[in-house]
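Sequential numbering of the sequence shown, starting at 2, is according to our numbering. The beta-carbon is built from N, C-alpha and C at its ideal position, and this holds for glycine as well. Below is one structure; the comments refer to it alone.
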Amino acid sequence: MKNQIKNFPNQLLEALELAQAIDLKEPKQQIRNIHIVGLGGSGIGANFVQTFVSSVCKVPISVTKDYRVPAYVGPDTLAIASSYSGGTEETLICLDQYIKAGAHVIGISSGGVLEEKSRSEGFDFVKLPEGKPAPRACLGYSLVQQLGILHKLGFTDKSFLDQVAAAAEMLSKEQEQIQEKAEHIAGLLKDRQPVIYACSELEPVAIRFRQQLNENSKILTWHHVIPEMNHNELVGWRTNMSNAFVIFLRNRTDYSRNQRRIEINKEIISNYAGAVMDLYSRGETLLIQSMYLVHLVDWVSVYLAELRGVDAMEIKVIDYLKSALAASE
Numbered sequence: 002m003k004n005q006i007k008n009f010p011n012q013l014l015e016a017l018e019l020a021q022a023i024d025l026k027e028p029k030q031q032i033r034n035i036h037i038v039g040l041g042g043s044g045i046g047a048n049f050v051q052t053f054v055s056s057v058c059k060v061p062i063s064v065t066k067d068y069r070v071p072a073y074v075g076p077d078t079l080a081i082a083s084s085y086s087g088g089t090e091e092t093l094i095c096l097d098q099y100i101k102a103g104a105h106v107i108g109i110s111s112g113g114v115l116e117e118k119s120r121s122e123g124f125d126f127v128k129l130p131e132g133k134p135a136p137r138a139c140l141g142y143s144l145v146q147q148l149g150i151l152h153k154l155g156f157t158d159k160s161f162l163d164q165v166a167a168a169a170e171m172l173s174k175e176q177e178q179i180q181e182k183a184e185h186i187a188g189l190l191k192d193r194q195p196v197i198y199a200c201s202e203l204e205p206v207a208i209r210f211r212q213q214l215n216e217n218s219k220i221l222t223w224h225h226v227i228p229e230m231n232h233n234e235l236v237g238w239r240t241n242m243s244n245a246f247v248i249f250l251r252n253r254t255d256y257s258r259n260q261r262r263i264e265i266n267k268e269i270i271s272n273y274a275g276a277v278m279d280l281y282s283r284g285e286t287l288l289i290q291s292m293y294l295v296h297l298v299d300w301v302s303v304y305l306a307e308l309r310g311v312d313a314m315e316i317k318v319i320d321y322l323k324s325a326l327a328a329s330e
């Protein structure tokens, strides 16, 4: 996993080459909405894309991480099915619903049933590199291919792909400093209960951090979003939680009222939590800022796995769940 994380900047560049080579058919009718289905490491890319392009994309984008797609999916829907393995059960079931609804479908995977069905149905298909050890280590591929698809079909301009290149360059240059910072943070988190907060534009990073702590570090944690958590969860901070380590993921460009909210939140939560810290991004745009934080928290998760003496690659309980589901079919 360390090698996979270290290679993330190169993965972004490789993914960028793939995205620039994407060749797509023109939709048969005007696209009025975009729907993406993906789970786990194959689905988090959609969260990022949805957030990145929300200020420029003229049609709504929604993301499903379940077995059912919304009723509005139809012939005017651009439907993207993303599964690194190509065998994710929920994604394949949603793919069948896309087909039934007559949506304009594009598949993204390294192979599997998703590739087979996409090619047999005549859908556009984006092939990812095969043989990677874990979907969560392939975020760059799915995220950048989705950005490439939106650009090729005219929903965004090329600036997002240019930002991917800039992010890769920055992460390569700052790799050593990022690792040092991550190792320090992992030391602070050892034997603590992480709690992750962020403003809504950084929620995909918060989700990524939570998922990586779950899978790599083998611990439970939770996240919430500001300002929404100020209307509910904040009330729960009223008893001593000395083992809690609260991390606020931040951009210096966060909306001013949210920045003020964070400072008040820290004042309140500090009365109950064992520690509170800010984790600031670096970079000029939301995409670059997010990729910086992703790389940092990915490193945190693997260093914390080492401190806890667990194997960052092992996910036996998920393998058991899949085999138990298969046995019940």
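- Cβ neighbour criterion (16 or more within 10 Å) applied to Ala72: exposed
- Task: Alpha carbon to alpha carbon, how far is Glu216 from Glu264? Give it in angstroms, no decimals.
- Result: 31 Å
- Query: Is Arg193 helix, strand or coil when you go by DSSP?
  - Reply: coil
- Give me the Cα-Cα distance between Cys95 and Tyr273, rounded to the nearest whole angstrom. 44 Å
- Message: Helix, strand or coil for Trp300? Go by DSSP, reduced to three states.
- Response: helix
- Tell me where the alpha helix (DSSP H) around Asn215 begins and ends. Glu204 to Glu216
- Sheet register partners of Asn34 (DSSP bridge): Thr78
- For Asn244, does the three-state DSSP call read helix, strand or coil? strand
- Item | Under 9 Å between C-beta atoms of Pro134 and Ser84 | no
- Boundaries of the beta strand (DSSP E) in which Phe1 is found, first to last residue: Since the first residue shown for the chain is 2 and the last is 330, residue 1 is missing from the structure and cannot be characterised.
- Query: Rounded to a whole number of angstroms, what is the C-alpha to C-alpha distance between Val64 and Val236?
  - Reply: 30 Å
- Query: Lys66: which of Thr78, Gln146 and Ile37 sits nearest, CA to CA?
  - Reply: Ile37
- Task: Quick one: give me the first and last residue of the alpha helix (DSSP H) that His152 is part of.
- Result: Leu140 to Lys153
- Query: If you drop the 5 nearest sequence neighbours on each side, which residues of the same chain put their C-beta closer than 6 Å to that of Tyr334?
  - Reply: The chain is shown only over 2 to 330; residue 334 falls outside these bounds and no answer can be derived.
- Determine, using beta carbons only, whether Val226 and Tyr256 come nearer to each other than 9 Å. no
- Query: Can you give the beta carbon distance from Asp1 to Phe246, rounded, assuming they're within the 8 Å contact cut?
  - Reply: Nothing can be reported for residue 1, as the shown portion of the chain is limited to 2 through 330.
- Item | Beta-carbon gap between Leu129 and Leu148 smaller than 9 Å | no
- Message: For Glu170 and Lys7, what's the separation of their Cα atoms in angstroms?
- Response: 13 Å
- Name, in chain order, the residues that DSSP records as bridge partners for Thr65. Val38
- Beta-carbon contacts of Pro76 that lie in its chain and below 8 Å, excluding the five residues immediately before and after: Lys29, Gln30, Ala102, Gly103, Ala104 and His105
- Task: Pull up the DSSP beta-bridge partners for Phe249, would you.
- Result: Tyr198 and Asp279
- Message: Can you confirm whether the region 47-57 touches the region 10-22 when touching is taken to mean that 3 or more C-beta pairs between the two stretches lie within less than 8 Å?
- Response: no
- Query: Using the C-alpha atoms, what's the distance from Gly275 back to Ser329?
  - Reply: 44 Å
- Message: Along the chain, where does the alpha helix (DSSP H) containing Val60 start, and where does it finish?
- Response: From DSSP, Val60 is part of no alpha helix (DSSP H); its letter is neither H nor E.
- Cβ pair count under 8 Å reaching 3, the region 175-194 against the region 304-311: yes
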